[in-house]
Amino acid sequence: MRYRYADFPADLLRRLLTFQELTRLFLQLVLQTGGDVEEALRWMQYLQERGIIDEGIDLEAFRRALEKNEILEDRDGQLALSAGGERRIRRAALEEIFTSLSKAGAGYHAIPRAGSGGELLPETRPYEFGDNPTAIDGTRTIGNAVRRDAESIALTPDDFEVHEEEHLTSCATVLAIDISHSMILYGEDRFTPAKKVALALVELIQSKYPKDSIEVILFGDDARRVPISEISKTQVGPFHTNTKAGLLLARKILQHRKNPNKQVFLITDGKPSAIWERGRLYKNPFGLDLKIVNRTLEEADACRRDGITITTFMIATDSYLVDFVDKLTKINRGRAYYASPYNLAEFLFTDYIRNRKKFLH
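Residue numbering for the sequence shown follows the working numbering, starting at 121 and increasing by one per position.
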């Protein structure tokens, strides 16, 4: 077969790069506008007027290209992300995070650990009854036979070697994100990075670890589940921080999961400031209210008794929050990290990939 090489048209390459760059910017704006496509497009128009986007770019043609590429669709007269657009936004979030992980030296590597039912590793061992026949290393097997008897090369059971396999023990994860008002206060948007982490974690699990499960919940005055298709549209509200409600909902979800390993990733920027009591919201935003703290810690202990590990990611330096998380982590026997909105993804993804392989104990 002959291949004919030709120069790639420079103009076409520029147009492709421009579309990809504009799409990345557009998807970022969709996240920041709570999934409002029309507002995101208006922001792009504003950025062009300010000279940030080249004035020669036809944004109307870009919008049509988004529809043609099935990233956007018309929904009752309004433009919205299509199912393909939702997947695109999750994939973009994941690619961005792992690009930053690679630059930081963390890397995206499967952690090899001998087990069963997973990807083949380079290491081999003698064949044992019940091993998967597809894991047999033919080269090593024949080599063993030749070394034993170079003339007849008759295979015996002792000649066979099989590849070790990466252990794929499954894990059920609930990602609980704080949507109290402080997540966007003081000139810092902590919520969009948390939302991007949620999208990327869903994409990672669905593509790399399909035996795992992932649910996303939001907690403010109360807690609620969020369908995957709605993650990009979520926004904070004028809420307090009912961490107990978030942990309770996470525990109820995980009680119905058959995965042998269960965990909660808790992203918050503030101490717990509310609980439900006899059908009414009891709240106290000042200091550490012992009633609120103790009820929340009781829920963390209930998670421990159910075999659920809580990993907390603090994205603020509030001394009350640090004190509370220290207590929660000790009671649950979980893990805790201080992370800024800018390195939250690095901490969370490194923890997920590293620790899911340790669950087999």
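Cβ atoms here follow ideal geometry from the backbone N, Cα and C, with glycine treated the same way.
Quick one: using the 10 Å Cβ neighbour count with 16 as the cut-off for buried, is residue i buried or exposed?
i	result
Phe406	exposed
Gly390	buried
Pro358	exposed
Glu485	The structure shown does not extend to residue 485, since the chain spans only 121 to 481, so no value can be given for it.
Asn452	buried
Ala150	In the sequence on display, residue 150 carries Val and not Ala. Classification for Val150: buried.
Thr388	buried
Ala274	exposed
Gly366	buried
Glu141	exposed
Leu324	buried
Asp257	buried
Report the rounded CA-to-CA distance for residue i versus residue j, giving the unit in angstroms.
i	j	result
Asp74	His283	Residue coverage of the chain in this structure runs from 121 to 481, which leaves residue 74 outside it and unanswerable.
Leu167	Ile173	6 angstroms
Leu448	Arg400	24 angstroms
Arg170	Arg183	19 angstroms
Ile337	Glu216	23 angstroms
Lys378	Tyr462	34 angstroms
Tyr329	Leu468	16 angstroms
Ala459	Met434	6 angstroms
Ser393	Leu386	15 angstroms
Lys316	Met303	14 angstroms
Ala370	Val384	7 angstroms
Gln375	Phe339	19 angstroms
His360	Ile428	25 angstroms
Glu350	Leu295	14 angstroms
Gln326	Asn381	17 angstroms
Gly154	Ala200	12 angstroms
Tyr402	Lys450	25 angstroms
Leu137	Arg211	Note that Leu137 has pLDDT 49, beneath the 50 cutoff, so the model's placement of it is unreliable and the number below is only indicative. C-alpha separation (whole angstroms): 17 angstroms.
Ile231	Asp471	With a pLDDT of 34 at Ile231, under the threshold of 50, the predicted position of this residue should be treated as unreliable, and no value is reported.
Arg474	Glu175	46 angstroms
Leu408	Thr416	11 angstroms
Ile322	Val346	For clarity, residue 322 is Val in the given sequence; the question names Ile instead. One C-alpha to the other measures close to 12 angstroms.
Glu483	Lys331	Because the chain in this structure spans residues 121 to 481, residue 483 falls outside the shown range and cannot be described.
Leu104	Asn404	As displayed, the chain neither begins before 121 nor continues past 481, which places residue 104 out of reach and without an answer.
Phe139	Glu190	14 angstroms
Asp146	Glu187	What sits at residue 146 in the sequence shown is Phe, not Asp. Each residue's Cα considered, the two are about 13 angstroms apart.
Asp421	Tyr440	20 angstroms
Ala234	Leu368	In this prediction, Ala234 scores a pLDDT of 38, lower than 50, which makes its location untrustworthy; no coordinate-derived value is stated.
Arg310	Arg195	30 angstroms
Arg267	Asp251	23 angstroms
Ile297	Gly197	32 angstroms
Asp341	Ser333	26 angstroms
Please identify the residue among the options whose C-alpha is closest to the C-alpha of residue i.
i	options	result
Glu248	Asp279, Arg268, Val346, Val266	Asp279
Ile348	Lys450, Leu199, Leu410, Arg208	Arg208
Trp396	Asn381, Ile373, Val413	Val413
Gly454	Gln165, Thr432, Arg162	Thr432
Ser202	Arg474, Ala160, Leu192, Asp196	Leu192
Lys364	Phe444, Ser302, Glu243	Phe444
Gly205	Ala265, Gln148, Ala181	Gln148
Asp178	Asp194, Asn189, Glu190, Leu161	Leu161
Ser352	Gln140, Ile428, Phe139, Val157	Val157
Leu305	Val356, Gln326, Ala274	Val356
Pro246	Arg267, Gln165, Pro277, Thr254	Pro277
Glu335	Ala292, Glu243, Gly307, Arg424	Ala292
Ala213	Asn475, Asp471, Leu464	Leu464
Glu243	Gln165, Asn252, Arg260	Arg260
Glu180	Gly263, Met164, Ala274	Met164
Asp426	Ile373, Asn189, Glu159	Ile373
Ala456	Ile430, Ala436, Ala422	Ile430
Pro253	Arg424, Leu275, Glu281	Glu281
Ile299	Ser333, Gly307, Thr354	Thr354
In terms of DSSP beta bridges, what is residue i paired with?
i	result
Phe385	Leu295, Thr431
Trp396	Leu401
Glu335	Val294
Gln198	Arg195
Val282	Arg245, Ile256
Ala185	DSSP, once it has assigned bridges, lists no residue as partnering Ala185.
Tyr458	Met434
Taking CB distances under 8 angstroms as the criterion, tell me whether residue i reaches chain D.
i	result
Glu187	Any reference to chain D falls outside this structure, which holds one protein chain only.
Task: Within the segment 334-377, ranges of the beta strand (DSSP E) (whole runs, at least 3 residues) - done: If one requires a minimum length of 3 residues, the beta strand (DSSP E) runs lying completely within the segment 334-377 are 343-346, in chain order.
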